[in-house]
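Asker:
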Amino acid sequence: MTPIEKVEGRAIPLGLKNVDTDVIIPAHWLKTTTREGMGKGAFESLRADPGNLFDRPENKGAPILIAGDNFGCGSSREHAAWALGDLGIRVVIAPSYSDIFSGNAVKNGILPVVLPQAAIDRLMEVAETDPIHVDLDTQTVTTPFQDRFAFEIDPFRKMCLLEGLDEISLTEKSGAAIDAYEKKLDAERPWMRPAA
Amino acid sequence: MTRPRTLYEKIWDAHVVERRADGTCLIFIDRHLVHEVTSPQAFAGLRAAGRTVRRPDLTLAVPDHNLPTTPRRDAAGNKLPIADPESAAQLAALEKNAPDFGIRYIDATAPEQGIVHVVGPELGFSLPGTTIVCGDSHTACHGGIGALAFGIGTSEVEHVLATQTLLLQPAKTMEVRVEGDVGPGVSAKDIILHITGTIGAAGGTGHVIEYTGSAIRALSIEGRLTISNMAIEGGARAGLIAPDAVTFAYLKGRPYAPKGADWDAAVEYWKSLATDPGATYDKVVVIDAADIAPSVTWGTSPEDVVPITGVVPDPASFADPSKQAAAAKSLAYMGLEPGTRMQDVAIENIFIGSCTNSRIEDMRAAAAVIKGRKKAGNVKWAIVVPGSGLVKAQAEAEGLDRIFIEAGLEWREPGCSACLAMNPDKVPAGERCASTSNRNFVGRQGPGSRTHLVSPAMAAAAAVTGRLTDVRELMA
Ligand code: SF4
Numbered sequence: 001m002t003p004i005e006k007v008e009g010r011a012i013p014l015g016l017k018n019v020d021t022d023v024i025i026p027a028h029w030l031k032t033t034t035r036e037g038m039g040k041g042a043f044e045s046l047r048a049d050p051g052n053l054f055d056r057p058e059n060k061g062a063p064i065l066i067a068g069d070n071f072g073c074g075s076s077r078e079h080a081a082w083a084l085g086d087l088g089i090r091v092v093i094a095p096s097y098s099d100i101f102s103g104n105a106v107k108n109g110i111l112p113v114v115l116p117q118a119a120i121d122r123l124m125e126v127a128e129t130d131p132i133h134v135d136l137d138t139q140t141v142t143t144p145f146q147d148r149f150a151f152e153i154d155p156f157r158k159m160c161l162l163e164g165l166d167e168i169s170l171t172e173k174s175g176a177a178i179d180a181y182e183k184k185l186d187a188e189r190p191w192m193r194p195a196a
Numbered sequence: 197m198t199r200p201r202t203l204y205e206k207i208w209d210a211h212v213v214e215r216r217a218d219g220t221c222l223i224f225i226d227r228h229l230v231h232e233v234t235s236p237q238a239f240a241g242l243r244a245a246g247r248t249v250r251r252p253d254l255t256l257a258v259p260d261h262n263l264p265t266t267p268r269r270d271a272a273g274n275k276l277p278i279a280d281p282e283s284a285a286q287l288a289a290l291e292k293n294a295p296d297f298g299i300r301y302i303d304a305t306a307p308e309q310g311i312v313h314v315v316g317p318e319l320g321f322s323l324p325g326t327t328i329v330c331g332d333s334h335t336a337c338h339g340g341i342g343a344l345a346f347g348i349g350t351s352e353v354e355h356v357l358a359t360q361t362l363l364l365q366p367a368k369t370m371e372v373r374v375e376g377d378v379g380p381g382v383s384a385k386d387i388i389l390h391i392t393g394t395i396g397a398a399g400g401t402g403h404v405i406e407y408t409g410s411a412i413r414a415l416s417i418e419g420r421l422t423i424s425n426m427a428i429e430g431g432a433r434a435g436l437i438a439p440d441a442v443t444f445a446y447l448k449g450r451p452y453a454p455k456g457a458d459w460d461a462a463v464e465y466w467k468s469l470a471t472d473p474g475a476t477y478d479k480v481v482v483i484d485a486a487d488i489a490p491s492v493t494w495g496t497s498p499e500d501v502v503p504i505t506g507v508v509p510d511p512a513s514f515a516d517p518s519k520q521a522a523a524a525k526s527l528a529y530m531g532l533e534p535g536t537r538m539q540d541v542a543i544e545n546i547f548i549g550s551c552t553n554s555r556i557e558d559m560r561a562a563a564a565v566i567k568g569r570k571k572a573g574n575v576k577w578a579i580v581v582p583g584s585g586l587v588k589a590q591a592e593a594e595g596l597d598r599i600f601i602e603a604g605l606e607w608r609e610p611g612c613s614a615c616l617a618m619n620p621d622k623v624p625a626g627e628r629c630a631s632t633s634n635r636n637f638v639g640r641q642g643p644g645s646r647t648h649l650v651s652p653a654m655a656a657a658a659a660v661t662g663r664l665t666d667v668r669e670l671m672a
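Going down the list, the protein sequences come from chains R and D.
For the first sequence, this note's numbering begins at 1 and goes up steadily by one.
For the second sequence, this note's numbering begins at 197 and goes up steadily by one.
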């Protein structure tokens, strides 16, 4: 997983509340075999509109998405985080998220920043014309106009994102303990291995 | 010295690799079952990160969800392609991923192929006291032989492939005790439908359910797998039944089960797993087996259960206002009026199969009712889908396939089939199906499909009468 410390760039000022996982990635994308390429299906219904925010030239490859309350509600599909990542989004800024979505986002190297609606309103305004700067280390979002918003984040999640640790990398740090467990298991209960 | 522990606690304790400060534990996974639908992204993730499968020897892959249940080879023995391109792509991905990562793979045309939860116990790959995971919520099934088994998401599938562990919080424990003898015509499926109706679809949320009591002890392994399969319908991620002599007799000699001195050591260990006298559960529910009738669902939640002798309930009869609203919505979807006798509900489709009820005993129970009878004229579609190639072969050796075919039912190749609308076997919109599967959700068997969950004998009875029927009336 790519670590996140500072992300600077265009922010897509979506602003909508209750963006559910069906909006982020419609169900028919669930019969696929890869995580990659899911950016094509991201926000499919919104992008059917030719003048949509996502396909404006200045927003191509924008690393930040700004949304309203309860972003990522609905089904538990991890495809939503995959789709955002594939679209190039590294940071979402919203007043609140569904629990499952924010967990899935962090698992996939996407930072869910929580800021109050007033800050969101201001950032939406800036995003129309200028880049936004997110610093995970100092937990701040800043703009070229002296705006500075501090945000909170769970220390464990912060550590995972800063170090680019997915859960697998974290568990791999316990490799010695797993080795020891396997050794003990083979000694005490050798019959646990499938016989054939 | 140690405090008395439940079966769940013993299995949990034996699998802790590391305990974190907040109580979360890194748990070792003994068996990982993989199918075609929830694994492709996990393998892609391993590839992207340059990772390998830590323990391919503990992993078994078999396709089941997407496969059509029509013949898989033509008359000349050539493999037939799958028409749906997305299903074909998922199958092709598994066919490639398994050998690429060194995992045992059971091909769609192999004699052992079948529904992953039928295959695991049948091959002795699933064993008592093990932890078993699969990217599928009905992994709970394997609890019937005393394994701690539960479904996981795709990221967790990748995590297990890479590390053979999962980071988990311990669950609460719940005992569901069924005491006494069940009456004639009452099967394991009726017991678990009755339990689900009693505790509710969220009754076991946050818990692992251990099924105990003389009525559970009296069940065969097939019946116990049926019970544990539906732990998830009662909200529990896993179900458990303590392994005993019945379990050991079932597993002995199966290909992946321990052999010789290993077998003896294993049995000795398995015997030590039963819940200690004096151990306590967080929640206990006691059910009198004599209260259980052949059962059937009327709505779109597996908790919507009534005895076959009952009637469609009036939504107003529920105390909880949200349940009243849900029941009214269910009845509209199901096209049923309150007060209708369940036995007056006509049925157009019959599905005998799924990981809940597709084992040899289920085939025998259905055949016993069908034998010498004919499918009713109003039944348009009636399929019997054995859970695995081995079940199919056994049933054919016993002549059960002939009984079904002569009665006008179809005898299919193994797979998930009409349990979920992911392969060509679907129930048409607005039509009813008496189904031996586990979920009666809106659209589960196809958009607009109306599912009535029943036992294999009850499905067979509906096939010959064309309506939901009390199987006891057809028993000699
Ligand atoms: S038979 Fe049904 S419940 Fe069982 S694994 Fe297949 S789809 Fe899931």
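Positions of the beta carbon are idealized from the N, C-alpha and C atoms, including for glycine.
Source: prediction; values computed, not measured.
1) Which of the three DSSP states is assigned to TRP494 of chain D in this structure?
2) Can you round the beta-carbon distance between ALA67 of chain R and ALA94 of chain R to whole angstroms, since I take them to be within the 8 angstroms contact cut?
3) At least one CB of chain D closer than 7 angstroms to the CB of GLU44 of chain R: is that the case?
4) Look up HIS79 of chain R in the DSSP assignment and say whether it is helix, strand or coil.
5) Could you tell me whether the Cβ atoms of LEU344 of chain D and ALA384 of chain D are closer together than 7 angstroms?
6) Is LEU616 of chain D near ligand 1, in the sense that its beta carbon is under 6 angstroms from a heavy atom of that ligand?
7) From the beta carbon of TRP29 of chain R, is the nearest beta carbon of chain D less than 7 angstroms away?
8) Can you tell me whether ARG148 of chain R is helix, strand or coil according to DSSP?
9) For the structure I just gave you, are there three or more beta carbon pairs, one from the stretch 98-112 of chain R and one from the stretch 61-80 of chain R, closer than 8 angstroms?
10) Any idea which residues DSSP pairs HIS403 of chain D with across the strands?
11) So if I threshold CB-CB distances at 8 angstroms, which residues from the stretch 343-364 of chain D count as touching chain R?
12) Give the residues from the stretch 602-629 of chain D that approach chain R closer than 7 angstroms (Cβ to any Cβ), ordered along the chain.
13) Can you tell which of D:ILE387, D:ASP558, D:ALA656 has the C-alpha that lies nearest to the C-alpha of GLY568 of chain D?
14) Which of the three DSSP states is assigned to ASN545 of chain D in this structure?
15) Report the option in R:LEU46, R:HIS79, R:GLY41, R:PHE43 whose CA atom is closest to the CA atom of GLN237 of chain D.
16) To the nearest angstrom, how far is it from the Cα of SER651 of chain D to the Cα of GLY339 of chain D?
17) In chain order, what residues of the stretch 162-181 of chain R put their CB closer than 7 angstroms to some CB of chain D?
18) Apart from the five residues just before and just after VAL638 of chain D, which ones in its own chain have a Cβ nearer than 7 angstroms to its Cβ?
19) Hey, would you say PHE145 of chain R sits closer than 7 angstroms to LEU115 of chain R, going by beta carbons?
20) Kindly provide the ranges of any beta strand (DSSP E) runs that are 3 or more residues long and lie completely inside the stretch 108-138 of chain R, ordered along the chain.
21) For THR21 of chain R, would you say it is in contact with chain D, using Cβ-to-Cβ distances shorter than 7 angstroms as the test?
22) I need the DSSP call for LYS6 of chain R, collapsed to helix, strand or coil.
23) Output the distance between the C-alpha atoms of SER518 of chain D and THR443 of chain D, rounded to the nearest integer angstrom.
24) Out of R:PRO50, R:PHE54, R:ASP49, which one is the CA nearest neighbour of GLY39 of chain R?
25) Contact defined as beta carbons within less than 8 angstroms: I believe ALA614 of chain D pairs with VAL623 of chain D. What is the distance between those atoms, to the nearest angstrom?
26) So ALA195 of chain R contacts chain D; which residues on that side make the cut at Cβ distance below 8 angstroms?
27) Is DSSP giving HIS228 of chain D helix, strand or coil here?
28) Let's test the definition: count the other Cβ atoms within 10 Å of the Cβ of MET426 of chain D and tell me whether it reaches 16, buried, or not, exposed.
29) Heavy atom of ligand 1 less than 6 angstroms from the Cβ of GLY334 of chain D, yes or no?
30) Just to confirm, does ILE311 of chain D get its C-beta within under 6 angstroms of one of the non-hydrogen atoms of ligand 1?
31) At which residues does the beta strand (DSSP E) containing GLY435 of chain D begin and terminate?
32) Just to check, is the beta-carbon of CYS612 of chain D closer than 6 angstroms to a non-hydrogen atom of ligand 1?
33) Report the CB separation of THR234 of chain D from THR422 of chain D in whole angstroms; it is logged as a contact under 8 angstroms.
34) Of all Cβ atoms in chain D, is any one closer than 7 angstroms to the Cβ of GLU78 of chain R?
35) Just reading off the beta strand (DSSP E) that PRO317 of chain D is part of, what are its end residues?
36) Check each candidate in D:ARG199, D:PRO511, D:LEU527 and name the one with the smallest Cα separation from GLN520 of chain D.
Answerer: Concretely, from the data shown:
1) coil
2) 4 angstroms
3) no
4) helix
5) no
6) yes
7) no
8) strand
9) yes
10) D:LYS368
11) GLY349, THR350, SER351, GLU354, HIS355, ALA358, THR359, GLN360, THR361, LEU363
12) none
13) D:ALA656
14) strand
15) R:HIS79
16) 20 angstroms
17) GLU167, ILE168, THR171, GLU172, SER174, ALA177, ILE178, TYR181
18) THR496, TYR529
19) no
20) 111-114, 132-135
21) no
22) strand
23) 42 angstroms
24) R:PHE54
25) 6 angstroms
26) GLY320, PRO451, TYR452, ALA453, PRO454, LYS455, ASP458
27) strand
28) buried
29) Residue identity differs from the one stated: residue 334 of chain D is His in this sequence, not Gly. Within the cutoff, so yes.
30) yes
31) 434-436
32) yes
33) Their Cβ separation, rounded to whole angstroms, is 23 angstroms, which puts THR234 of chain D and THR422 of chain D out of contact at 8 angstroms.
34) yes
35) Looking at the DSSP string, PRO317 of chain D is not in any beta strand (DSSP E); the run it does join, the alpha helix (DSSP H), is 312-318.
36) D:PRO511
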